[in-house]
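Written out below as structure tokens is the structure these notes cover.
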Amino acid sequence: MHFSPGSQPFIVPDEMAQLLASPELLKREKALRLRKIYQDNADNFNPLRDLSNFGRYCFLGQYDKLVKEYNETKPNLRATETSYKWGYISLASNGSRCIRTLSQFSPFIPTLLFLIGSGAPVDLPDIAGLTALHHVAMNNRVGEVLQILLAAGANPNIRDIYGTSPLHGAVQYDQIEAVEMCMKHGGDIHLLDNDGYSPFAIVRYASPTMHATIHKYLRLYAGVVVPMEERGKCAACGKMGCKSQCSRCRVVRYCSPECQVSHWKNGHKTTCVPFNSVETTVVCRPSFGTHQGEHFPTSAFHNHVMADDIGDGERERRRDEKYMAAYGLREEQNAKPAPKAPRSLKFVPFRHVMLGKSMIVKLQLPVGPYIRDKPATKVEGQIREILVYNRNRDFVCTIIDDLQPEVYTRLETVIKDKGSLGGLKGYFAAELESQDRLKVKIGDILADQPW
Ligand SMILES: [Zn+2]
Ligand SMILES: [Zn+2]
Numbered sequence: 001m002h003f004s005p006g007s008q009p010f011i012v013p014d015e016m017a018q019l020l021a022s023p024e025l026l027k028r029e030k031a032l033r034l035r036k037i038y039q040d041n042a043d044n045f046n047p048l049r050d051l052s053n054f055g056r057y058c059f060l061g062q063y064d065k066l067v068k069e070y071n072e073t074k075p076n077l078r079a080t081e082t083s084y085k086w087g088y089i090s091l092a093s094n095g096s097r098c099i100r101t102l103s104q105f106s107p108f109i110p111t112l113l114f115l116i117g118s119g120a121p122v123d124l125p126d127i128a129g130l131t132a133l134h135h136v137a138m139n140n141r142v143g144e145v146l147q148i149l150l151a152a153g154a155n156p157n158i159r160d161i162y163g164t165s166p167l168h169g170a171v172q173y174d175q176i177e178a179v180e181m182c183m184k185h186g187g188d189i190h191l192l193d194n195d196g197y198s199p200f201a202i203v204r205y206a207s208p209t210m211h212a213t214i215h216k217y218l219r220l221y222a223g224v225v226v227p228m229e230e231r232g233k234c235a236a237c238g239k240m241g242c243k244s245q246c247s248r249c250r251v252v253r254y255c256s257p258e259c260q261v262s263h264w265k266n267g268h269k270t271t272c273v274p275f276n277s278v279e280t281t282v283v284c285r286p287s288f289g290t291h292q293g294e295h296f297p298t299s300a301f302h303n304h305v306m307a308d309d310i311g312d313g314e315r316e317r318r319r320d321e322k323y324m325a326a327y328g329l330r331e332e333q334n335a336k337p338a339p340k341a342p343r344s345l346k347f348v349p350f351r352h353v354m355l356g357k358s359m360i361v362k363l364q365l366p367v368g369p370y371i372r373d374k375p376a377t378k379v380e381g382q383i384r385e386i387l388v389y390n391r392n393r394d395f396v397c398t399i400i401d402d403l404q405p406e407v408y409t410r411l412e413t414v415i416k417d418k419g420s421l422g423g424l425k426g427y428f429a430a431e432l433e434s435q436d437r438l439k440v441k442i443g444d445i446l447a448d449q450p451w
């Protein structure tokens, strides 16, 4: 198959122009429609035809030619090009996403640094209000580009015509690094788009790794410290990869007996909540079988807000092929592998090897049949089950309401009050004592884990 970019002229179609000129706030169907046309029509963009020499050098990351052209013609760096009105920083940033380069060191890095250093505005919005950061936050191929833009003052809260910020896009497209970077640079997780969705509202449709990242920052801002924020971190010296733990509480880790002693003396003595205590630990009877309840799909990624084929990267692949072919470039040898599909949860029969093992488990409340983002309430004749599993998913069970209503209620209360995803899931220290006894320590709710 052979692609050639931009066989059609790259102009703004009538319908798109009408939507852009619409006096009212763009939302819902109209916003989705505009997004779709914007993206489909962008395929007509042909950098060889639609850009000035200077713009083309930006887009292709041809640094040497760019500097020469700049010195000779002194282009206006505040100007925009093409019918979409892309500024030069946007062209270089988008180029870094579309053009794969064979060298280790991306030519887009010096290109962007040169443009910024020469005074090109970093947040110049295009025809739909998208800035370079909007694009890169959704899909960044050269890690440094994101850092360069943010360091140059790109605003993670700048809103496009749909009211969405770069942080919205980063969450939507499961870009963990972009979310972290945007939040470090003051990205507002509660900023509402025209439809009333904040990035935080979309998080519930994102991967567990994304939940863990966002909640880490929210706790950081709030000054809240929870155990197991970073897996295997020594509570005393901060060293990573520690396996030994405080056997009393089972939530803090240490690298050495010395660190444990000093941490105990320096205050853990008063904060250590014992694992084996009636007040803080619930003994449940796990059921090993198929479960009936419906649970929130935390690893499924729902296309909730934006009209695009999210997740499979098909659009990027198509565009890549097209550009690679057009510029006679070869496919990079060590190209990034496609992201793995989320692992599905299979029921594992009870295994004796799990006995006596200290582990972290995730407890998920069942969701209601109609209101899928709220825990299911009790309905006569219907079984409610809390889904329980560990990181490796070699321990999977459920806790059934009808078999142990008191236990169920205690767990449900803690998860609703202190859990994440609006009270749908929580992580706890646990131990399987026997086939019929699973101890879950509800005295400490642990930080969200990336699974
Ligand atoms: Zn240590
Ligand atoms: Zn302890």
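Quick note on numbering: full-length UniProt numbering labels position 86 of the sequence shown as 86, and the sequence is numbered without any gaps.
Where a beta carbon is used, it is the ideal one built from N, C-alpha and C, also for glycine.
These numbers come from a predicted model, not from an experiment.
Among the options, the one whose alpha carbon lies nearest that of residue i
i           : options                : result
K184        : I161, G153, T164       : G153
residue 453 : V261, I11, V367        : The structure shown does not extend to residue 453, since the chain spans only 1 to 451, so no value can be given for it.
M138        : V171, S118, R159, P375 : V171
R100        : T413, G61, L192        : G61
G143        : C234, L112, A235, L411 : L112
E385        : L438, T209, T398, G241 : T398
D402        : T377, G419, K416, H211 : T377
L408        : R393, V396, V388       : With the sequence shown as reference, residue 408 is identified as Tyr, and Leu is not the correct amino acid for it. Minimum Cα distance to Y408 is reached at V388.
S207        : L220, V283, D174       : D174
V122        : I148, K30, C98         : I148
E24         : G267, D195, V278, N46  : D195
Cβ-heavy atom distance, residue i to ligand 2, below 7 angstroms
i    : result
V252 : yes
C182 : no
C272 : yes
C397 : no
C259 : no
C246 : yes
C249 : yes
H215 : no
Exposed unless 16 or more other CB atoms sit within 10 angstroms - verdict on residue i
i    : result
K425 : buried
D14  : exposed
L48  : exposed
G78  : Reading off the sequence shown, one finds Arg at residue 78, where the question assumed Gly. Looking at its Cβ environment, which holds fewer than 16 other Cβ atoms inside 10 Å, R78 is exposed.
R28  : exposed
D441 : According to the sequence as given, residue 441 is Lys; it is not Asp. Buried: at least 16 other Cβ atoms inside 10 Å.
T281 : buried
D444 : buried
Y162 : buried
P125 : buried
S165 : buried
Cβ-heavy atom distance, residue i to ligand 1, below 7 angstroms
i    : result
L265 : Sequence inspection shows Lys at residue 265; the Leu mentioned does not correspond to that position. No, since every heavy atom of ligand 1 falls outside the 7 angstroms radius drawn around the Cβ of K265.
A236 : yes
C58  : no
S256 : yes
K239 : yes
8 angstroms contact criterion, which residue i and residue j should meet: CB distance rounded
i    : j    : result
C249 : K239 : That belief does not hold up - the Cβ atoms of C249 and K239 are roughly 19 angstroms apart, past 8 angstroms.
P156 : L133 : 7 angstroms
R204 : L421 : 5 angstroms
S83  : V12  : 5 angstroms
E81  : G119 : Going by Cβ atoms, the distance from E81 to G119 rounds to 17 angstroms, so no, they are not a contact pair.
C284 : C259 : Actually they are not in contact, since the Cβ atoms of C284 and C259 sit about 33 angstroms apart, beyond 8 angstroms.
beta-carbon residue i near ligand 3 non-hydrogen atom, thresh 7 angstroms
i    : result
H268 : Absence of ligand 3 from the depicted structure is noted, with ligand 1 and ligand 2 being the only ligands included.
Next on the checklist: If we require 4 or more residues per run, which alpha helix (DSSP H) segments fall completely within the stretch 133-218?
Outcome noted: If you keep only unbroken alpha helix (DSSP H) runs of at least 4 residues inside the stretch 133-218, you get 143-151, 166-172, 176-184, 199-203.
Checklist entry - Unbroken alpha helix (DSSP H) runs of length 4 or more, entirely within the UniProt domain "MYND-type" (234-272): which are they? => result Along the UniProt domain "MYND-type" (234-272), the alpha helix (DSSP H) occurs as fully enclosed runs of 4 or more residues at 257-263, listed in sequence order.
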